[in-house]
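J.: Here the sequence shown is numbered in the numbering used here, starting from 286 and rising by one per residue. One structure coming up, written as structure tokens, with questions to follow.
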Amino acid sequence: MADIKTFHLPDLGEGLPDATIVEWHVKVGDTIKLDAPLASMETAKAVVEVPSPYTGKVTKLYGAAGDVIETGAALADFEPDPNAKQRAEAESTGHHHGPKKSVGSPAPDDGNKVVASDEGGEVETGGKDREDEGTVVGAMVSGNAVHVEQAASIGGVKAVPAVRALAKKLKVDLAKVRPTGADGVVTMKDVKDAAANGSAPLGGAPARAVPASAGRHLAPALPEPGPAPQRGPVSLAGKPVRTAPPSQPATGQPEQLKGVRRNMARVMAEAHAQVVPTTLVDDADLHAWIGKQDITARLIRAIVAACKAVPALNAWFDGKNLTRTLHRHVDIGIAVDTEDGLFVPALRNADVLDGAGIRAGIQRLRAQVEDRSIPSSELAGYTISLSNFGMFAGRYATPVVVPPCVAIVGAGKLSHDVVAVMGGIEVHRRMPISLTFDHRAATGGEAARFLKALLDDLGLPQ
286 MADIKTFHLP DLGEGLPDAT IVEWHVKVGD TIKLDAPLAS METAKAVVEV PSPYTGKVTK
346 LYGAAGDVIE TGAALADFEP DPNAKQRAEA ESTGHHHGPK KSVGSPAPDD GNKVVASDEG
406 GEVETGGKDR EDEGTVVGAM VSGNAVHVEQ AASIGGVKAV PAVRALAKKL KVDLAKVRPT
466 GADGVVTMKD VKDAAANGSA PLGGAPARAV PASAGRHLAP ALPEPGPAPQ RGPVSLAGKP
526 VRTAPPSQPA TGQPEQLKGV RRNMARVMAE AHAQVVPTTL VDDADLHAWI GKQDITARLI
586 RAIVAACKAV PALNAWFDGK NLTRTLHRHV DIGIAVDTED GLFVPALRNA DVLDGAGIRA
646 GIQRLRAQVE DRSIPSSELA GYTISLSNFG MFAGRYATPV VVPPCVAIVG AGKLSHDVVA
706 VMGGIEVHRR MPISLTFDHR AATGGEAARF LKALLDDLGL PQ
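Here's what the structure looks like:
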């Protein structure tokens with residue numbers, strides 16, 4: 286009887302409990318080589334290639350494109366080739382299955398790494414060279430050198446995972462896109478151009494069968510919605526009737542959250558359960574401003590000024606060990622709303638940037654978020670965050686503080702308000718400001734002084 290090996294989905298370096306299958310690069314019965322692309326999986330940060338752990342024949346695939354697979358659950362079965370070289374059973378693959386660690390804590394299996402974000406992930410901290418760790422999702426580590434993932438040819442189309450993710454988002458058929466990259470590689474610009482001119486629309490995919498083997502990792506099969514019943518306001522007897530009786534099922538169907546939006550739901554729930562939030566609100570008077578100014582840049586400058594005045598809110602708090610870390614630098618997490626969900630990239634060293642540097646940094650981060658090319662390291666490690674929801678609507682809010690951060694500033698929609706002044710009234714332009722902080726880590730007095738320092742800086746002429 287053939288020796289069948291089951292490959293379980295590893296932690297893809299994000300510290301998340303699951304990932305979504307984007308596409309399989311093999312089918313049952315195919316022969317695959319060690320480290321050849323097995324599947325593309327979407328996490329909360331990016332689409333990564335999962336390499337094959339064996340050389341041999343694929344005997345079973347657990348799940349289909351679009352299915353969510355839990356970390357540690359079966360992904361594929363293999364019949365290894367007894368004549369081919371295989372990875373040793375005890376050899377590390379660079380994947381981790383242990384519990385999440387707090388930001389800045391040592392990585393569980395490598396003293397030269399620390400946890401880089403509250404969702405997981407690790408970064409080097411220096412130290413002696415490490416030995417080759419074998420298969421690493423998205424990159425191959427050899428010593429301290431990380432070799433960037435190359436474009437893979439799938440279905441005759443060469444493209445990196447980020448380009449494939451963008452094509453999926455924009456509903457572009459990569460097979461119809463004219464490549465302009467070196468060696469026929471499809472680039473980000475190629476996909477965006479195709480989406481803009483409509484030259485490569487993605488056709489409707491045929492309905493797929495849900496494999497029974499997927500078990501609890503898949504959403505339950507749901508019936509296709511039928512046409513809504515057409516009913517009149519009265520019955521045949523002329524009496525009033527309900528237009529939709531309680532027994533009538535809804536025409537909409539549940540949609541399983543995936544990728545970024547799935548991670549957002551998880552992070553928000555965890556933050557709500559852990560933090561003791563308190564919100565202060567006030568209005569920044571912008572009447573003294575001279576000329577047209579960059580509102581977001583002024584907000585960030587004001588946050589930096591407040592962090593210098595009251596460092597207690599530019600901090601990380603460990604609720605389990607009751608420890609607080611004050612930061613001298615100011616890395617601001619800027620909430621970016623997308624169709625896929627919420628991203629919070631970090632504007633590093635905001636305390637040493639001028640207005641032009643702040644604007645350039647924001648534009649770079651937004652562009653990377655839009656095309657899903659932003660590194661995971663840029664989505665973690667910020668010391669305080671900003672939600673500029675007033676760009677759309679709303680005056681005040683209670684934004685969510687995500688641990689280990691202590692505070693988040695919310696900026697509401699600008700308005701022209703009647704203000705009482707000595708000797709009469711005037712109309713001033715004002716900006717509503719909401720400050721939510723973790724009351725375990727900071728006092729009400731510290732938060733109030735922080736808010737005052739922020740308002741004072743926003744009130745300066747320029």
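Yeah, the Cβ is synthetic: ideal placement off N, Cα and C, and Gly gets one too. Keep in mind the model is a prediction, meaning the values are calculated, not measured.
So which of V470, L671, A645 has the shortest CA-CA distance to D616?
T.: For the purposes of this step, residue 616 is identified with residue 331 of the sequence shown, where counting begins at 1. Taking only the C-alpha atoms, the option nearest D616 is L671.
J.: Do you know offhand how far E364's Cα is from L346's?
T.: Taking the sequence shown and counting its residues from 1, one reaches residue 364 at position 79. Taking the sequence shown and counting its residues from 1, one reaches residue 346 at position 61. Near 12 Å, if we compare the C-alpha coordinates of L346 and E364.
J.: Along the alpha helix (DSSP H) that carries F735, what are the first and last residues, could you check?
T.: Taking the first residue of the sequence shown as 1, we reach residue 735 at position 450. Run containing F735: 729–743, per the alpha helix (DSSP H) assignment.
J.: Per the DSSP calculation, V566 is bridged to which residue(s)?
T.: Residue 566 sits at position 281 when you count from the first residue of the sequence shown. DSSP lists S719 as partners of V566.
J.: Roughly how many angstroms lie between the CA atoms of P302 and T291, to the nearest whole one?
T.: What you label residue 302 is simply residue 17 of the sequence shown in a count that begins at 1. What you label residue 291 is simply residue 6 of the sequence shown in a count that begins at 1. For P302 and T291, the distance between alpha carbons rounds to 19 Å.
J.: How many angstroms separate the CA atom of P689 from the CA atom of N599?
T.: Here the question's residue 689 lines up with position 404 in the sequence shown. Here the question's residue 599 lines up with position 314 in the sequence shown. Whole-angstrom Cα-Cα distance: 11 Å.
J.: For a quick check, are the C-beta atoms of A460 and A485 less than 9 Å apart?
T.: As a working mapping, residue 460 is identified with position 175 in the sequence shown. As a working mapping, residue 485 is identified with position 200 in the sequence shown. Their beta carbons are under 9 Å apart, which means A460 touches A485 by this criterion.
J.: So for T291, helix, strand or coil by DSSP?
T.: The residue labelled residue 291 in the question sits at position 6 within the sequence shown. Strand.
J.: For V307, collect the residues of the same chain with a Cβ closer than 6 Å to its Cβ; drop the 5 residues on either side in sequence, then sort them by chain order.
T.: Against the sequence shown, residue 307 aligns to sequence position 22. Same-chain partners within the cutoff: S325, E327, V332.
J.: From the DSSP output, in three-state form, read off R613 for me.
T.: Sequence index remark: in the sequence shown, residue 613 carries index 328 (1-based). Three-state result, R613: coil.
J.: Just to confirm my understanding: we take A361, look at its own chain, exclude 5 residues before and 5 after, and list those with CB closer than 7 Å. What are they?
T.: In the sequence shown, the residue the question calls residue 361 occupies position 76. The answer, listed in chain order, is F292, L323, V343, K345, L346, Y347.
J.: Quick check: what's the CA-CA separation for W480 versus L455?
T.: Numbered from 1 along the sequence shown, position 195 holds the residue referred to as residue 480. Numbered from 1 along the sequence shown, position 170 holds the residue referred to as residue 455. Just to set this straight, residue 480 is Ala in the shown sequence, not Trp. Approximately 6 Å, taken between the alpha carbons.
J.: Any idea what DSSP makes of G646, helix, strand or coil?
T.: Translated into the one-based positions of the sequence shown, residue 646 becomes position 361. Residue state, collapsed to three classes: helix.
J.: Going by other Cβ atoms of all chains shown within 10 Å of its Cβ, with 16 needed for buried, is T410 buried or exposed?
T.: The residue given as residue 410 occupies position 125 in the sequence shown. Confidence at T410 is low in this model, with a pLDDT of 45, below 50, so the placement of that residue is unreliable and no value is reported for it.
J.: Quick check on A641: does DSSP put it in helix, strand or coil?
T.: In the sequence shown, counting from the first residue as 1, residue 641 sits at position 356. Helix at A641.
J.: So, with DSSP's three-state summary, where would you put A450?
T.: Position 165 of the sequence shown, counted from the start, is the residue given in the question as residue 450. Correct three-state label for A450: helix.
J.: Let me check understanding here. Comparing Cα to Cα, which of E655, R680, V685, K605 lies closest to K748?
T.: Residue numbering for the chain in the displayed model covers 286 to 747; residue 748 lies beyond these limits and cannot be assessed.
J.: Alpha carbon to alpha carbon, what distance is there between R680 and D458?
T.: Residue numbering aside, residue 458 sits at position 173 when the sequence shown is read from its first letter. Residue numbering aside, residue 680 sits at position 395 when the sequence shown is read from its first letter. Answer to the nearest angstrom: the Cα atoms are 42 Å apart.
J.: Along the chain, where does the alpha helix (DSSP H) that runs through T581 open and close?
T.: To locate residue 581, count along the sequence shown from 1; it is residue 296. Per DSSP, T581 belongs to the alpha helix (DSSP H) from 580–594.
J.: Does DSSP put F677 in a helix, a strand or coil?
T.: Stepping through the sequence shown from its first residue, residue 677 is reached at position 392. Coil, per DSSP.
J.: Would you decide whether K543 is buried or exposed? Buried here means 16 or more other CB atoms lie within 10 Å of its CB.
T.: By 1-based counting over the sequence shown, the position of residue 543 is 258. Buried: at least 16 other Cβ atoms inside 10 Å.
J.: From A558, L650, I575, L584, pick the residue whose C-alpha is nearest to that of K605; which is it?
T.: Sequence index remark: in the sequence shown, residue 605 carries index 320 (1-based). Across the set A558, L650, I575, L584, the C-alpha of A558 shows the shortest separation from the C-alpha of K605.
J.: At what residues does the alpha helix (DSSP H) containing H557 begin and finish?
T.: Your numbering for residue 557 matches position 272 in the sequence shown. Segment 544–559, the alpha helix (DSSP H) holding H557.
J.: Assuming G695 and A682 are in contact, meaning their beta carbons sit under 8 Å apart, how far apart are those beta carbons, in whole angstroms?
T.: Numbered from 1 along the sequence shown, position 410 holds the residue referred to as residue 695. Numbered from 1 along the sequence shown, position 397 holds the residue referred to as residue 682. Confirmed, about 5 Å.
J.: Report all residues from its chain with a CB closer than 8 Å to the CB of V712; omit the five preceding and five following residues, and keep chain order.
T.: On the sequence shown, position 427 is the one that residue 712 refers to. For V712, where only same-chain residues beyond five positions count, the Cβ hits under 8 Å are H701, D702, V703, V704.
J.: Starting from K443, trace the beta strand (DSSP E) both ways and give me its first and last residue.
T.: As a first step, residue 443 must be located in the sequence shown, where it is residue number 158. Residues 442–444.
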